[in-house]
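Quick mapping for you: the protein sequence lines, in order, are chains A and B.
If you want this note's numbering, it's the 1-based position in the first sequence plus 730.
If you want this note's numbering, it's the 1-based position in the second sequence plus 159.
Built from N, CA and C at the ideal position, the CB exists for glycine as well.
Please read the structure below before turning to the comments.
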Amino acid sequence: MVPAKYNVRNLRVRWVTTLMTVVGTGLVVWASVLTFGLADGLDHALRISGDPLDLIVMRKGANDEGSSNVEQKVAKEIANLDGIATDKSGQPLCSSEFVTILTKPRRHNAGTTNLIVRGLQDVGRSLRPEFTIVRGRDVRPGVNEAITSVNMAERFENLAIGEKLEINKVLFEIVGYFEAAGSSAESEVWTDLRDLTGARRQAEALSSINLRCRDEAAKTALLKRLRDDEQFKLDAIDEPKYFEKQMEASSTIKYVGYVIAVFLTMGAMFAAANTMYAAVASRSREIGALRAIGFSRRSILLSFLFESFLLCLLGGLLGCLATLPFHGLSTGTMNGATFSEITFAFRFGPSVLLQGVIMAVTMGLVGGLFPAIRAIRMPIISALRET
Amino acid sequence: MSEAHLDNGEPVVAVHDVCKEFYRDAITIPVLSGINLELKRGDYLALMGPSGSGKSTLLNLVAGLDRPTSGTVTVCGQSLESTSESKLARWRSRHIGFIFQLYNLIPVLTAFENVELPLTLTSLSRRERREHVEAALQVVGLSDRSHHYPRQLSGGQEQRVSIARAIATDPTLIVADEPTGDLDAKSAGEILDLMERLNREFHKTIIMVTHDPDAAVRAKQIVHLQKGVLVEKTHAGQE
Chain A
731 MVPAKYNVRN LRVRWVTTLM TVVGTGLVVW ASVLTFGLAD GLDHALRISG
781 DPLDLIVMRK GANDEGSSNV EQKVAKEIAN LDGIATDKSG QPLCSSEFVT
831 ILTKPRRHNA GTTNLIVRGL QDVGRSLRPE FTIVRGRDVR PGVNEAITSV
881 NMAERFENLA IGEKLEINKV LFEIVGYFEA AGSSAESEVW TDLRDLTGAR
931 RQAEALSSIN LRCRDEAAKT ALLKRLRDDE QFKLDAIDEP KYFEKQMEAS
981 STIKYVGYVI AVFLTMGAMF AAANTMYAAV ASRSREIGAL RAIGFSRRSI
1031 LLSFLFESFL LCLLGGLLGC LATLPFHGLS TGTMNGATFS EITFAFRFGP
1081 SVLLQGVIMA VTMGLVGGLF PAIRAIRMPI ISALRET
Chain B
160 MSEAHLDNGE PVVAVHDVCK EFYRDAITIP VLSGINLELK RGDYLALMGP
210 SGSGKSTLLN LVAGLDRPTS GTVTVCGQSL ESTSESKLAR WRSRHIGFIF
260 QLYNLIPVLT AFENVELPLT LTSLSRRERR EHVEAALQVV GLSDRSHHYP
310 RQLSGGQEQR VSIARAIATD PTLIVADEPT GDLDAKSAGE ILDLMERLNR
360 EFHKTIIMVT HDPDAAVRAK QIVHLQKGVL VEKTHAGQE
């Protein structure tokens, strides 16, 4: 094999073209990884929202909580069913909730969009992952207070602490910000169940019941009981499956992202190929000499492929590193299932970064292949005569 | 440096009835015809002739860089006309040392690394390779320049590094294509001294292509080629 230092030093000697190719490849990888990180962030927000032991109970035929309604009487019966997990004080982990969707203005004159406002009981907080108040305080029932996430406060008018959100001409004061492990709960405004139903003038209304099963066996039994009971006329949905449906929104982002990535990658492959063609052309005599002294065609092919691989790998690593400052940066999009804003953060985990590196390596290997083939197809004698 | 290969009286180079033609745009260009040549161990042959007479073509055939159109070329016991490309590459790395007119050193490698290059194709350990490289650089008198890059060396020094690379693997045959063609008279003289020493002290078999009669007389035999035909063979001192 031709020593690797031959390739490394050649890249260093031709540092201007090396730098230009590395930056070009890096930009392509950066743009693609940003898109992958965006889709992964949205996926994560929805994936983490569903606990494997949690069920969402809604009216039969309802696709989401916004179009569902459950009777108070039925909700009480469900809370007493066997198989529901309990908290430390023995209270069943079963939360009756009311969801309403309002059209509200975004900050910075960015138009209006749908906002989910959820009224829930205290127990509902235990059903969300890692619910914590991070600033201000939680709501007090009966006085029209609300809490939301920092991301939502930054994106919507009237959602900062101290500001007032109008719901059906009733003003709800924002008193705190919460976090819930980046789940979709952070895309909502929460208030007390009775305060919200009161403001909406639907005192007895409920949209759904969120509950946690004691274990897998209890979950199977509860699912059967809730679905089969004609008296309830309800459907119980496995929570992870419910959010999985909503992930279809992120698959559009992914699809568009991959299509863009493919085109960008093809462009970068041409750039890498161009650099390597120039390298082969300017080193014909070296190639001839290497082959004359006994290096096989295969060694020369691998040597030039390695050089191209290295070139693009550098670009890939640079591109991946350049995405890291965006890690955790929050953004939002329309949730196609609920037609409301969902906020989430860019995520550049190992799998997303690996995709970027694989892209770069593919650019290097495919882009370097044809120049490398050209290098080995040169007759030794002609190569040695090149000036 | 040892001289252990092929000590059984067989010729190192045996060229029989070799013809070589090139084809360009459906035109056949005969370059060599009816060439017969034999070199024994320790021979030092100068190939002379005008441009286009086929000197370099003959050298390339003997070095296994090209194949004859007809006839046989046997070098170091290996028939070259039908050997595969990959086998030829391996064979060259073991048996042939190359000295080029324009040195053909790798610019991004130091003198030491250039000399080490053909040794990376052998099974020698790193330590053994270093010993071989140091010995070769000592023979050419460039031990103190081992960490210099080609651009930091004069033309004569570059050619000496190229000679060190050619002898590092202790090859049976050294082929030199106009080794002094790009050098001033003083450097050329030093290179010719060195090649003579390789032949005399280390019994290396050498074929050298040259235009320069002063260089040719340093060889033991001189062969003249004209229009692809061997026209004259003289021994040193007979010119």
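- Query: Mind pulling the chain B residues with CB within less than 8 Å of residue 1016 of chain A?
  - Reply: 263, 265, 266
- Message: Within 8 Å of any Cβ in chain B, is that where the Cβ of residue 858 of chain A sits?
- Response: no
- Beta-carbon separation (whole angstroms), residue 935 of chain A vs residue 897 of chain A, contact threshold 8 Å: At roughly 14 Å, the Cβ-Cβ gap does not stay under 8 Å, so residue 935 of chain A and residue 897 of chain A are not in contact.
- Query: What are the boundary residues of the beta strand (DSSP E) that residue 182 of chain B is part of?
  - Reply: 172 to 183
- Give the straight-line distance between the Cα atoms of residue 171 of chain B and residue 353 of chain B, rounded to the nearest whole angstrom. 21 Å
- Would you list the one or two residues that DSSP bridges to residue 828 of chain A? A/849
- Whose CA, out of A/1002, A/961, A/1035, A/786, lies closest to the CA of residue 734 of chain A? When each option's Cα is compared against that of residue 734 of chain A, the closest is A/1035.
- Enumerate in chain order the residues of its own chain whose CB-to-CB distance from residue 162 of chain B is below 6 Å, with the five nearest sequence positions on each side excluded. Bear in mind that a pLDDT of 42 at residue 162 of chain B, under 50, signals an unreliable position, so the model cannot answer this.
- Which residues, taken in chain order from the region 232 to 246 of chain B, show a beta carbon closer than 9 Å to some beta carbon of chain A? 244, 245
- Query: Given that residue 251 of chain B touches chain A, what residues does it touch there, using C-beta distances under 8 Å?
  - Reply: Contacts between residue 251 of chain B and chain A, judged by CB atoms closer than 8 Å, involve 1022, 1023, 1024 in chain order.
- Give the residues of chain B in contact with residue 883 of chain A, contact being defined as C-beta atoms less than 7 Å apart. What residue 883 of chain A touches in chain B: nothing, since even the nearest Cβ is about 58 Å away.
- Task: Kindly indicate which three-state DSSP category residue 778 of chain A falls into: helix, strand or coil?
- Result: coil
- Contacts that residue 743 of chain A makes with chain B (C-beta to C-beta distance below 7 Å): 267
- Going by other Cβ atoms of all chains shown within 10 Å of its Cβ, with 16 needed for buried, is residue 1072 of chain A buried or exposed? buried
- Item | Where residue 943 of chain A falls: helix, strand or coil (DSSP) | strand
- Task: Evaluate the contact criterion for the region 200 to 220 of chain B versus the region 379 to 386 of chain B: three or more CB pairs, one atom per stretch, below 8 Å.
- Result: Enough Cβ pairs lie closer than 8 Å, so yes.
- Message: I need the boundaries of the alpha helix (DSSP H) containing residue 351 of chain B, first residue and last residue.
- Response: 344 to 361
- Message: Buried or exposed for residue 391 of chain B, going by 16 or more other Cβ atoms inside 10 Å?
- Response: exposed
- For residue 1074 of chain A, which residues from the same chain have a beta carbon less than 6 Å from its beta carbon, with the 5 sequence-adjacent residues on both sides left out? Taken in chain order, the residues that qualify are 771, 772, 775.
- Query: Residues in its own chain within less than 8 Å of residue 379 of chain B by CB, not counting five upstream and five downstream?
  - Reply: 202, 203, 204, 358, 394, 395
- Under a three-way DSSP split, which group does residue 341 of chain B fall into? In the structure shown, residue 341 of chain B sits in coil (DSSP, three-state: anything other than H, G, I, E or B).
- Message: Check this for me: beta carbons of residue 1029 of chain A and residue 731 of chain A, under 8 Å apart or not?
- Response: yes
- Query: Are residue 995 of chain A and residue 1093 of chain A closer than 8 Å when you measure CB to CB?
  - Reply: yes
- Task: Taking residue 1103 of chain A as the query, report the chain B residues whose CB atoms sit under 7 Å from its CB, ordered along the chain.
- Result: The premise fails here: residue 1103 of chain A is roughly 15 Å from chain B at the closest Cβ pair, so nothing lies under 7 Å.
- Item | Alpha-carbon spacing of residue 310 of chain B relative to residue 264 of chain B, whole angstroms | 10 Å
- Neighbour list for residue 369 of chain B in chain A, Cβ cutoff strictly below 7 Å: Those do not exist, as residue 369 of chain B stays about 17 Å from chain A at its closest Cβ, beyond 7 Å.
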